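A short worksheet on the structure shown next.
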Amino acid sequence: MHLLSLAALALSIGLSIASPAPHVRVRHEKRTPSPQWLKRTRAPPETSLPVRIGMAQNNLDVGHERLMEISDPNSEKYGQYLSAQEVGDLFRPSSESIDAVREWLHNSGIESDRHSVSPGRGWLKFDATVEELESLLFTEYHIYEHSDTMEQHIGCNEYHVPRHIQKHIDLITPTVTFAKLKGGEKMKKRSKLASLSRARLDPHVTPAETGGRQMSVSGNSGSEVPCYLAVTPDCIRQLYGIPMGTTNQTGNEIGIFEDGDYYDQEDLDLTFAALAPYVPNGTHPTLNGIDGGYAPMDDLIGVESLLDMSIIFPLIHPQAATLYQVDDYKEVELSQGFGNTFLDALDASYCTYEGGDDPTLDPHYPDTAPNPANESWLPNGTWGQSEMCGAYKPTNVISVSYGLGENAFSYFYENRQCQEYMKLGLQGVSVIYASGDSGVSNRGECIVPSNVTNYTTIENNPGAFSPSFPAACPYLTSVGATMLNSTTELVETAVSVPEEGYWSGGGFSNYWPAPSYQESTLRSYFENTPPPYTNTTAYGTPYYNSSGRGYPDVAAVGQNILLYVQGAPSFVGGTSASAPIFASIITLINEKRLAAGKSTVGFVNPVLYQNPDAFKDITTGDNPGCGTDGFSAVKGWDPVTGLGTPIFSKLLDVFMALP
């Protein structure tokens, strides 16, 4: 008996030595609640899902420090940018990470022959049942239904991984990023005057009328009408002191991003003839089509593209422009993601070894979908070739008037994109984004806890403020909107069009902390003009994240912009107008620096925040939303109009004084 006990004890000791200790699990991602997605039933355990694990990139902290160094006007290394090859080498992922994750999967019962590494080493891929994933990730999978489309997706609210694995991965899908169930909603037929991108900010369009009769815009560049009624290129020049462009310098083209929205050349020519006759008839951007992206399209015109080009060409002429038209018609319709195919086309490393794309969200190429007869007017049909990786060199300035709520995707999905903007900054590229048109909300949607699904409750208690993405990413410049005061010529206030729910997007990120270049500015804002939200929402959550990255950075006029839409003079509004104005200003400053043998200005935010006197401070207006008055425009920086609107001559002096 005694000898048997000793044997049992020895066996127990042997087993404890041979078996690895269980790893501590940590939550890796938690879904940001959205009232549009309603949790229904538990997912069937036998359901098979395509699983993708996105591998973490190396040296992101080094990249951040390097960008801050070469963008700091007080640094000896200001303007000393990296080449695309140097950037790619800096962030190449390690084999150690891939080996660690594969070992974890193997030890968890997912044998090595079931998972593979993508050609670029950015993703681990395998199929697994819901039951296997729930065990692997310590979570529960549910069916979620979209409140508007009734489309069903599968995913979880949060998931966990071993602590030692967390540093090696960015994200796992499908988890908090849903997978679409088979048999879901098919592509809807849309009107021809519409955007196919859900990320478009939908410019506000009205007929150009004053006093009950349609105004004339022919002849004297529209100058018969005051600027507060109709904002023309001449008005924008007067507002900010912008000189005429002088040079069409090869390599200094401005980049314009468009996704599922297409310009019409006839409308552009009408706008140029009426408001900027110095721009020749037929002027258009050079097309850099991405994965079948094509423009112009007479049968599928969109206001966004017209607005961008109607502003940019008159301001930068004779400088040229490049159009990044993203994705073929079918994949624009069917994909749920945003921005990654564009970034892939600029940076080969993003879609090869780093794997920025999310297979459950982003478009898939080759696109093998047939081109139906009723869409035979599409010039390129569908894109039957491989995805374009590193096909185009980024322009010095890129203007983007698109965006979504920050809670539309997981932190890791969005942070991979945000890091890509950091890499563009390292190469001397200025990325300019519109801040959004819904004040502190996202198209009227606010953030409520995931367990709140009653619409009456949500309507009565909208929830916390919903920041904008990518506008709140700290590695780009976010532009809010102003409007002209109707009683005092050329005096701006924060834009306010209540009947259209249009206010300048602004607030504080829930994903990214305040960057170093913004810390003292935000400290001053909270000390001197703190927002009046000391309490919490009805759900016990703060209205905003006071330690988050504040946006917008700057502002420009974004209401009553005059241009032609479908052959008729129209007023258009939105931060979609403000972003290309500021992008044009940066392009003109680059023109002067390049002529003087200097570098481009690259990531401009550190310089802007150290030179607030180069802006006109906007101190009136607010940006309501979520059942509140939002934030107010105050003295100094604020989350409505940022530092204010640009004074071109002062900005030029600041940048020309730098090496």
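When the letters of the sequence shown are read in order and numbered with mature numbering (1 follows the signal peptide of the UniProt record, and there is no 0), they come out as residues -18 to -1, 1 to 641. Idealized CB from N, CA, C, for every residue including glycine. Since the model is a prediction, treat every value here as computed from it, not as a measurement.
- Item | Three-state secondary structure (DSSP) of Cys371 | It is coil, neither helix nor strand.
- Classify Gln409 as buried or exposed, calling it buried when 16 or more other Cβ atoms lie within 10 Å of its own Cβ. Answer is buried; the Cβ neighbour count reaches 16.
- Task: Determine the closest residue to residue 670 out of Lys375, Val536, Thr253 and Arg22, with distance taken between C-alpha atoms.
- Result: Summary: the structure shown does not reach residue 670, with the chain confined to residues -18 through 641, and so no result is reported for it.
- Query: Considering only the beta carbon of each residue, do Ala277 and Gln307 sit closer than 8 Å?
  - Reply: It is a contact, given that the beta carbons lie within the stated cut-off.
- Around the C-beta of Arg13, are 16 or more other C-beta atoms found within 10 angstroms, so that it is buried, or is it exposed? So Arg13 counts as buried.
- Between which two residues does the alpha helix (DSSP H) harbouring Gln62 extend? Annotation: Gln62 is outside any alpha helix (DSSP H) and is labelled neither H nor E by DSSP.
- Message: Please state the DSSP three-state secondary structure of Leu175.
- Response: Below a pLDDT of 50, predicted positions are generally treated as unreliable, and Leu175, at 37, falls in that range; no measurement from the model is reported.
- Item | Coarse secondary structure for Thr157, derived from DSSP in three states | Coil at Thr157, not helix or strand.
- Item | Three-state secondary structure assigned by DSSP to Gln399 | In this structure, Gln399 counts as helix in the three-state DSSP scheme.
- Query: Count the other CB atoms within 10 Å of the CB of Val44; is the residue buried (16 or more) or exposed (fewer)?
  - Reply: Val44 is exposed by the Cβ-count criterion.
- Task: Give a yes or no on whether the C-beta atoms belonging to Ala373 and Ala327 are separated by under 8 Å.
- Result: Against a cut-off of 8 Å, the Cβ pair of Ala327 and Ala373 comes out as a contact.
- Task: Helix, strand or coil for Ser450, going by three-state DSSP, please let me know.
- Result: The DSSP-derived three-state label of Ser450 is strand.
- Would you mind stating whether Trp19 and His128 have Cβ atoms separated by less than 8 Å? For the pair Trp19 and His128, the CB atoms are nearer than the 8 Å cut-off.
- Query: Along the chain, where does the beta strand (DSSP E) that runs through Gly489 open and close?
  - Reply: Element bounds for Gly489: Gly489 to Pro495.
- Query: Within the present structure, is the beta-carbon of Tyr222 separated from the nearest heavy atom of the ligand NAP by less than 7 Å?
  - Reply: Looking at this structure, you won't find the ligand NAP or any other ligand, since it has none at all.
- When you compare only the Cα positions, how much space is there between Val536 and Glu133? Distance between the alpha carbons of Val536 and Glu133 is about 38 Å.
- Message: Quick check on Leu20: does DSSP put it in helix, strand or coil?
- Response: If DSSP states are grouped into helix, strand and coil, Leu20 belongs with the strands.
- Item | Close-in-space but distant-in-sequence residues of the same chain around Gly462 (CB under 7 Å, 5 per side omitted) | Result list for Gly462: Ser417, Ser486, Gly487, Gly488, Pro534, Ala537, Thr557, Ser560, Val622, Thr623 and Gly624, in chain order.
- Message: By the three-class DSSP mapping on this structure, what secondary structure does Gly204 have?
- Response: Low per-residue confidence applies at Gly204: pLDDT is 43, beneath 50, and the placement is therefore not dependable, though the value from the model is reported in the following sentence. Coil at Gly204, not helix or strand.
- Task: Pick helix, strand or coil for Asp71, following the three-state DSSP scheme.
- Result: Helix.
- Task: For Lys107, write down the residues that DSSP places opposite it in a beta bridge.
- Result: Answer is Arg34 and Ser98.
- Message: Here's a check: name, in chain order, each residue in its chain whose Cβ is nearer than 8 Å to the Cβ of Ala454, leaving out the five neighbours to either side.
- Response: Around Ala454: Glu388, Ser460, Gly489, Phe490, Ser491, Tyr493, Trp494, Gly530, Arg531 and Tyr533.
- Item | For Pro628, the three-state DSSP class (helix, strand or coil) | Here Pro628 sits in strand by DSSP.
- Three-state secondary structure (DSSP) at Asp216? Secondary structure at Asp216: helix, using DSSP grouped into helix, strand and coil.
- Presumed contact (8 Å Cβ cut-off) between Ser53 and Gly584, rounded CB distance: Right, their Cβ atoms sit about 6 Å apart.
- Query: What is the DSSP secondary structure of Gly462, reduced to helix, strand or coil?
  - Reply: Three-state result, Gly462: strand.
- With DSSP collapsed to three states, give me the class of Lys574. Reduced to three states, the DSSP call for Lys574 is helix.
- Taking just the CA atoms, how far does Ser76 sit from Asn230? Rounded to whole angstroms, Asn230 to Ser76 spans 43 Å at the Cα level.
- Message: Suppose contacts are defined by Cβ-Cβ distances below 8 Å. Is Asn378 in contact with Asn234 by that definition?
- Response: With contacts defined as CB atoms closer than 8 Å, Asn378 and Asn234 qualify as a contacting pair.
- Rounded to the nearest angstrom, how far is the Cβ of Tyr521 from that of Val411, given a contact under 8 Å? With a Cβ gap of about 40 Å, Tyr521 and Val411 do not count as contacting.
- List the whole-angstrom C-beta distance separating Phe630 from Tyr222, where the pair is believed to meet the contact cut-off of C-beta under 8 Å. Rounded to the nearest angstrom, the Cβ distance from Phe630 to Tyr222 is 5 Å, consistent with a contact under 8 Å.
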